[in-house]
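Visitor: For what it's worth, my numbering labels the leading residue of the sequence shown as 30, then goes sequentially.
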Amino acid sequence: MSDQGGCVERFSAANPERLLGVLSGHRRILVFGPAGSGKSTLAGTLCELGGLPAVSADPGSPAFGVPGSVGWAVRKHGRWLTQGMEAVCSLDAGRFRLGVLMALGRLLNGLEDRAFVLDAPGLVRGMAAEEMLLGLIEVCKPDLALVLSREQPLPLYQAFCASGLRVVHVQPSEQARHPGRAFRARWRTALWDAYLQKAREQSLEIRDLHLIGAPPPLAAVSAWAGRQVALIRGGRTRCMGEVVNIAHERMTIRLPASMEAGDVLLVRDAQRSPQGLLRTAVPFVKEIITQAPEDTEGSASPKLCGRVGAVGFEMLNGMFGDPLLHVRLLHAGRSLLFDLGMGRRLPARRAHQVSDVFITHAHIDHLGGFLWFLRSRIGAFPSCRMHGPPGLARRIHALMDGILWDRVGDRAPVFEVHEWNGSTIHRYRLVAGRSLQSIGTASGSDGVLLATDAFCVRACLLDHHTPVLAYAFEPHGEIHVRKERLEHLGLRPGPWLNELKEHVHAGETSVRMRLPDGSERSVEELSEHLVLVRPGKKWVYATDLLDSDQNRERLVRLANLAHTMFCEARFLAADAKQAMATGHLTTRACAEIAAQAQVARLVPFHFSQRYAPDARRMLDEIERYAPAVRVWRPDVPGESA
30 MSDQGGCVER FSAANPERLL GVLSGHRRIL VFGPAGSGKS TLAGTLCELG
80 GLPAVSADPG SPAFGVPGSV GWAVRKHGRW LTQGMEAVCS LDAGRFRLGV
130 LMALGRLLNG LEDRAFVLDA PGLVRGMAAE EMLLGLIEVC KPDLALVLSR
180 EQPLPLYQAF CASGLRVVHV QPSEQARHPG RAFRARWRTA LWDAYLQKAR
230 EQSLEIRDLH LIGAPPPLAA VSAWAGRQVA LIRGGRTRCM GEVVNIAHER
280 MTIRLPASME AGDVLLVRDA QRSPQGLLRT AVPFVKEIIT QAPEDTEGSA
330 SPKLCGRVGA VGFEMLNGMF GDPLLHVRLL HAGRSLLFDL GMGRRLPARR
380 AHQVSDVFIT HAHIDHLGGF LWFLRSRIGA FPSCRMHGPP GLARRIHALM
430 DGILWDRVGD RAPVFEVHEW NGSTIHRYRL VAGRSLQSIG TASGSDGVLL
480 ATDAFCVRAC LLDHHTPVLA YAFEPHGEIH VRKERLEHLG LRPGPWLNEL
530 KEHVHAGETS VRMRLPDGSE RSVEELSEHL VLVRPGKKWV YATDLLDSDQ
580 NRERLVRLAN LAHTMFCEAR FLAADAKQAM ATGHLTTRAC AEIAAQAQVA
630 RLVPFHFSQR YAPDARRMLD EIERYAPAVR VWRPDVPGES A
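1) With distances taken from CA atoms, which of E343, L396, A657 is nearest D368?
2) Sort out for me which residues DSSP pairs Q231 with in a bridge.
3) Provide the residue(s) that pair with P208 in DSSP beta bridges, ordered along the chain.
4) Under three-state DSSP, which class holds A591?
5) Check whether the stretch 89–96 touches the stretch 270–284, counting contact only when three or more Cβ pairs, one atom from each stretch, lie closer than 8 Å.
6) Please list the terminal residues of the continuous alpha helix (DSSP H) segment that includes L130.
7) Determine the direct distance from the alpha carbon of L75 to that of E668, and round the result to whole angstroms.
8) Could you give the uninterrupted runs of the alpha helix (DSSP H) lying entirely in the stretch 358–391, keeping only those of 4 residues or more?
9) With respect to 7 Å, is the separation between the Cβ of T74 and the closest non-hydrogen atom of the ligand NAP below this value?
10) Applying the criterion that 16 or more other CB atoms from any shown protein chain within 10 Å of the CB defines a buried residue, is R179 buried or exposed?
11) Would you mind reading off the limits of the beta strand (DSSP E) that contains Y500?
12) So, helix, strand or coil for R440, using DSSP?
13) Rounded to a whole number of angstroms, what is the C-alpha to C-alpha distance between A629 and G473?
14) Is the separation between the beta-carbon of A623 and that of L614 shorter than 8 Å?
15) Under 7 Å Cβ to Cβ from P419, same chain only, skipping five residues before and after it: list those, please.
16) If you draw a straight line from the alpha carbon of S556 to that of P303, how long is it in whole angstroms?
17) Using the C-alpha atoms, what's the distance from E160 back to G327?
18) For C334, list the residues DSSP reports as bridge partners.
19) For W661, which of helix, strand or coil comes out of DSSP?
20) If you follow the alpha helix (DSSP H) that V533 is part of, which residue opens it and which one closes it?
21) Do P150 and G67 have their C-beta atoms closer together than 8 Å?
22) Can you round the beta-carbon distance between G671 and A441 to whole angstroms, since I take them to be within the 8 Å contact cut?
23) With which residues is Q112 paired in a DSSP beta bridge?
24) Is C190 helix, strand or coil by DSSP?
25) Considering only their Cβ atoms, is the gap separating A122 from G89 smaller than 8 Å?
26) In angstroms with no decimal places, state the Cα-to-Cα distance between C413 and L240.
27) Contact check, V176 vs V196 under 8 Å by CB: the rounded distance?
28) Alpha carbons only, please: which of I454, S464, I468 is nearest the one belonging to D475?
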């Protein structure tokens, strides 16, 4: 068995006519080899020359048919004519090898005892490849294997010899090259778009469907948009489609006009990306948080940096320092601050771009950094809004009133303070060197303190032995430009794309825009060709709250199904009495709230300095009480710089 020459014959893919003689007497031929070996090309040539149908077992890079499925076809005059398919709803034959094999079994039931050429997935190494090979042999029962390889010994050589198959080593053509991930993505997307060319949106009752495979949580709507699905009835695929959205217990799916009804919905991990390409879906939590190196900027711990969707953030004082979260609205030239603790400062250019500051409460570790921020606002800057609980305006005015403003002239800092008491927003105007001015009230019954075309910030009122606000950032949707469509239209990227996104957010579809090539098109036309709108990723900021039933209920409601939750964990569970006395959460309470809210990722912070030597213990305890939540920690590879 160790001598490859003992059970393997050799031919060249450059001479497929010679291989036809090898096929004589064999009914089912397995064509096996790595991606880029010319495997699918050889299979197609043999099918056309020998008059045999082909079965594709490669859902990620099929030569024909529908990506995310297995199928069979005949080849005539250089073209594939697809005859049937069974859905897999994944491009990853290695991960979902059982799903691929089960789909092949259903497909072959329709082929009865016909001869065919089997185009295998490009898996050639590792346990997944060996299991896939043995599964293909068991399900498809080939009696000849053509193995394309430039290497010796052949991949999975021992498994082939153990199978009892006649094995022929085929030397790949010199022209055979790996197509590259980008080309494969474009190819499969073109096949998928062709399948959906005449599709129409249809709304289905979710309760009427049995969801199988690997579906994400129904409430995680951002994970569903663009997801490939299949309708199944009686164990057979009726049609495949693409999820548009989920709302009001209904799922809207783009389905072929000639669809057949199904009562089972197969879902795995094939999904259209924000760029419009059919790819493997990223996990619901993808963005990495990094921890900056230790420095001497006056903070007790390194700052944390990361992203949540289209938002970048910096926890400037880390896990142990005063709360100060800087949120950067990417591509918008705008920043938000959550709390103003002492420690690190924002660069002046960033501080100048802060439009809104959200204060949880006025304890010194949350407002002590106001003076540096106040100084950064001296100049010809627009008014900055500050949001917080009742009494905030009076305290901000007192801080400003303690400074002599005799030389500031018309460059005085200007603030508009919005106090929310749970039902009403009281608004005040503050100009340095002048008295506090009330400018009216607004309804705040829904908790929305700030609303824009792109997002809103919602609050809930909590108890810290003083009123405290927690905040949720809720984007209306993430707008992505399909780069391949941009290239197809011959348009160059530039600032006009940001303008297009702003019009789409605002619903201004009739506006006409001048493009880089000098032409004009409406926002509606451009968005139809260039834009994908995906549900945004909500995140929540909560700190300094008593562990009470009412606080838990309110915060869980605010944070429900958030992508990321920044939440204090001031004390270890063993110090619950101290936490209760001071109105803070323990590690256990923080974890239980995150778990009950079903957040995807938890970033705990505002740890007591007493635990500075042993942060790992804090994080271990949080993970113990929230095993289903991804907890950020600096000692996990891929999470720390």
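Quick reminder that beta carbons are idealized off the backbone N, C-alpha and C, glycines included. All of these numbers come straight from a predicted model, not from anything done at the bench.
Guide: The short version:
1) Position 339 of the sequence shown, counted from the first residue, corresponds to residue 368. Measuring from the Cα of D368, the nearest candidate turns out to be L396.
2) Here residue 231 refers to the residue found at position 202 when the sequence shown is read from its first residue. Q231 is bridged to I282.
3) Sequence index remark: in the sequence shown, residue 208 carries index 179 (1-based). Under DSSP, P208 takes part in no beta bridge, so it has no partner.
4) Looking up residue 591 in the sequence shown gives position 562. In the structure shown, the three-state DSSP call for A591 is coil.
5) Because the criterion of three Cβ pairs below 8 Å is not met, the stretch 89–96 and the stretch 270–284 do not touch.
6) Residue 130 sits at position 101 when you count from the first residue of the sequence shown. In this chain, the alpha helix (DSSP H) harbouring L130 covers 126–140.
7) Within the sequence shown, the letter at position 639 stands for residue 668. Within the sequence shown, the letter at position 46 stands for residue 75. Reliability of the predicted coordinates at E668 is poor, the pLDDT of 44 falling under 50, and the value obtained from them is presented with this limitation in mind. Each residue's Cα considered, the two are about 49 Å apart.
8) The stretch 358–391 contains these whole alpha helix (DSSP H) runs: 377–380.
9) The ligand NAP is absent from the structure shown, which contains no ligands of any kind.
10) For the purposes of this step, residue 179 is taken as the residue at position 150 of the sequence shown. Result: exposed.
11) As a first step, residue 500 is located in the sequence shown; it is residue number 471 there, counting from the start. Unbroken beta strand (DSSP E) run through Y500: 496–504.
12) For this step, residue 440 is matched to residue 411 along the sequence shown. Note: R440 maps to helix in three-state DSSP.
13) Position 600 of the sequence shown, counted from the first residue, corresponds to residue 629. Position 444 of the sequence shown, counted from the first residue, corresponds to residue 473. A629 and G473: Cα-Cα distance of roughly 28 Å.
14) Reading the sequence shown from its first residue, position 594 is the one you call residue 623. Reading the sequence shown from its first residue, position 585 is the one you call residue 614. Not closer than 8 Å, so no.
15) For this step, residue 419 is matched to residue 390 along the sequence shown. Taken in chain order, the residues that qualify are E448, N450, P496.
16) For the purposes of this step, residue 556 is taken as residue 527 along the sequence shown, with counting starting at 1. For the purposes of this step, residue 303 is taken as residue 274 along the sequence shown, with counting starting at 1. Cα-Cα distance, rounded: 13 Å.
17) Stepping through the sequence shown from its first residue, residue 327 is reached at position 298. Stepping through the sequence shown from its first residue, residue 160 is reached at position 131. Confidence in G327 is poor, its pLDDT being 47 and thus under 50, which makes the residue's placement unreliable; the coordinate value appears in the next sentence. Between the C-alpha atoms of G327 and E160 there is a straight-line separation of about 56 Å.
18) By one-based count along the sequence shown, residue 334 stands at place 305. For C334, which the question treats as bridged, DSSP gives the partners T319, E343.
19) The residue you call residue 661 lines up with position 632 of the sequence shown. Three-state DSSP puts W661 in coil, outside helix and strand.
20) Translated into positions along the sequence shown, residue 533 becomes position 504. Counting along the chain, the alpha helix (DSSP H) containing V533 begins and ends at 524–535.
21) Translated into positions along the sequence shown, residue 150 becomes position 121. Translated into positions along the sequence shown, residue 67 becomes position 38. No, the pair does not count as a contact, with Cβ atoms beyond the cut-off.
22) Within the shown structure, residues of the chain are numbered from 30 to 670, placing residue 671 beyond reach of any answer.
23) Locating residue 112 in the sequence shown gives position 83, counting from the first residue. According to DSSP, residue pairing for Q112 in a beta bridge does not occur.
24) By one-based count along the sequence shown, residue 190 stands at place 161. Three-state result, C190: helix.
25) Within the sequence shown, the letter at position 60 stands for residue 89. Within the sequence shown, the letter at position 93 stands for residue 122. With a cutoff of 8 Å on beta-carbon distance, G89 and A122 are scored as near each other.
26) Position 384 of the sequence shown, counted from the start, is the residue given in the question as residue 413. Position 211 of the sequence shown, counted from the start, is the residue given in the question as residue 240. The C-alpha of L240 is placed about 48 Å away from the C-alpha of C413.
27) Taking the first residue of the sequence shown as position 1, residue 176 is located at position 147. Taking the first residue of the sequence shown as position 1, residue 196 is located at position 167. Going by Cβ atoms, the distance from V176 to V196 rounds to 6 Å, so yes, they are a contact pair.
28) The sequence position of residue 475 within the sequence shown is 446, counting from 1. Checked all of I454, S464, I468; the closest Cα to D475 is I454.
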